[in-house]
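**Q** Submitted below is the structure of interest, expressed as structure tokens.
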Amino acid sequence: MIEPKAPHLSNIELWRKWKEQKDIEAKKQLIELYLPLVDYVTNRMAIGLPKNVSKDDLASNGAMGLIDAIEKFDYQRGLQFETYASWRIRGAMIDGLRQGDWVPRSVREKAKKIEEAYQQLEQQYLRSVTDAEISSYLNISERDFQTMVQEIAVTTVVSLEDPIREEESETRMSMLIDEKAKNPDQTVQQFFLKETLVKGIERLTEKERIVISLFYYEELSLSEIAEVMSLSPSRISQLHSKAILRLRGALDKQKNQLMQN
2 MIEPKAPHLS
12 NIELWRKWKE
22 QKDIEAKKQL
32 IELYLPLVDY
42 VTNRMAIGLP
52 KNVSKDDLAS
62 NGAMGLIDAI
72 EKFDYQRGLQ
82 FETYASWRIR
92 GAMIDGLRQG
102 DWVPRSVREK
112 AKKIEEAYQQ
122 LEQQYLRSVT
132 DAEISSYLNI
142 SERDFQTMVQ
152 EIAVTTVVSL
162 EDPIREEESE
172 TRMSMLIDEK
182 AKNPDQTVQQ
192 FFLKETLVKG
202 IERLTEKERI
212 VISLFYYEEL
222 SLSEIAEVMS
232 LSPSRISQLH
242 SKAILRLRGA
252 LDKQKNQLMQ
262 N
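Numbering of the sequence shown is given in my numbering, commencing with residue 2 and proceeding in unit increments.
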């Protein structure tokens, strides 16, 4: 993660001037201070996206997300702004992508079918299911399954910001980020969400866990991960996609259980 350019005390003073005195100059300085976050998230988001997606458009939407984050952030809660802002920036970029309708509906439908297959089979077997089992469930060949995974690879880049259900506005990431003080229901939701993610990650294959770890925790690009694992970038993309689809299925299941209780 990118470190702020100014010392911590200077940041606090800027936040105080902006939030308590509505000092526009302080707001401008905060925007300039954290603007490198937009470049950072832009470069991360651009990985795996089609070439017709402009990085300039991503950055433009991201800048709006940064401004939104600065306006809504409560510096007195002791949270790390960089983490909060990164999700706001990413969310703004994803909103822009959605408005551009960059993923064909047919591709989204394929992704949903595979996600549901993972959810159903892993709930049934209580373990990580194989490509052969998924292919059989979908009534397609393993080769066709691999092709489908490759086709939907770009959709998994923004997976956590997709609505949990098409008719709902709540996203998976909204379960992770709380703009207001936590209430008991939110605390319970976060507890079960974390537990679900832990169990979901445990059911990933070894290679899928490595890809997830290197991409989201070590923050390597897919091409860098390919070099580390001595695999092709397309293979890394497939592993990433399958891991995300498994986790999305697990999160959907948890959401259903929370709604029933």
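For every residue, glycine included, the Cβ atom is placed at its ideal position computed from N, Cα and C.
On the DSSP letters alone, give me the boundaries of the alpha helix (DSSP H) that T148 sits inside.
**A** Translated into the one-based positions of the sequence shown, residue 148 becomes position 147. T148 -> alpha helix (DSSP H) spans 143-152.
**Q** Anyone know if the C-beta pair for E313 and A133 falls short of 9 Å?
**A** The requested residue 313 does not occur in the structure, where the chain is confined to residues 2 to 262.
**Q** Please classify D145: is it buried, with 16 or more other beta-carbons within 10 angstroms of its beta-carbon, or exposed?
**A** Position 144 of the sequence shown holds residue 145. So D145 ends up on the exposed side.
**Q** Does F82 come out as helix, strand or coil in the three-state DSSP assignment?
**A** Against the sequence shown, residue 82 aligns to sequence position 81. Here F82 sits in helix by DSSP.
**Q** Restricting to Cα atoms, I'd like to know which of R236, L221, L98, A118 is closest to A251.
**A** Counting from one through the sequence shown, the residue named residue 251 turns up at place 250. Minimum Cα distance to A251 is reached at A118.
**Q** Can you tell me the Cβ-Cβ gap for I90 and I115, rounded? I've got them flagged as a contact below 8 Å.
**A** Taking the first residue of the sequence shown as 1, we reach residue 90 at position 89. Taking the first residue of the sequence shown as 1, we reach residue 115 at position 114. No, I90 and I115 are not in contact; Cβ-Cβ is about 28 Å, not under 8 Å.
**Q** Can you name the start and end residues of the alpha helix (DSSP H) that Y119 belongs to?
**A** The residue labelled residue 119 in the question sits at position 118 within the sequence shown. Taken as a continuous stretch (DSSP letters only), the alpha helix (DSSP H) holding Y119 covers 106-126.
**Q** Could you spell out the range, first to last residue, of the alpha helix (DSSP H) harbouring K23?
**A** The sequence position of residue 23 within the sequence shown is 22, counting from 1. That residue, K23, is in no alpha helix (DSSP H); it is neither H nor E in DSSP.
**Q** Using 10 angstroms around the beta-carbon of T84, count the other beta-carbons present and answer buried if the total reaches 16, otherwise exposed.
**A** Position 83 of the sequence shown, counting from 1, holds the residue named residue 84. Label assigned to T84: exposed.
**Q** Here's the rule I'm using: 16 or more other beta-carbon atoms within 10 Å means buried, otherwise exposed. How should G79 be labelled?
**A** Within the sequence shown, numbered from 1, the residue matching residue 79 stands at position 78. Counting Cβ neighbours within 10 Å, G79 comes out exposed, since fewer than 16 surround it.
**Q** Under a Cβ-count criterion, where at least 16 other Cβ atoms within 10 Å of its own Cβ denotes burial, should I25 be classed as buried or exposed?
**A** Working through the sequence shown from its first residue, we reach residue 25 at position 24. By the neighbour-count rule (16 or more Cβ atoms within 10 Å), I25 is not buried but exposed.
**Q** Have a look at Q81 and D58 and give me their C-alpha separation to the nearest angstrom.
**A** The sequence position of residue 81 within the sequence shown is 80, counting from 1. The sequence position of residue 58 within the sequence shown is 57, counting from 1. Distance between the alpha carbons of Q81 and D58: 26 Å.
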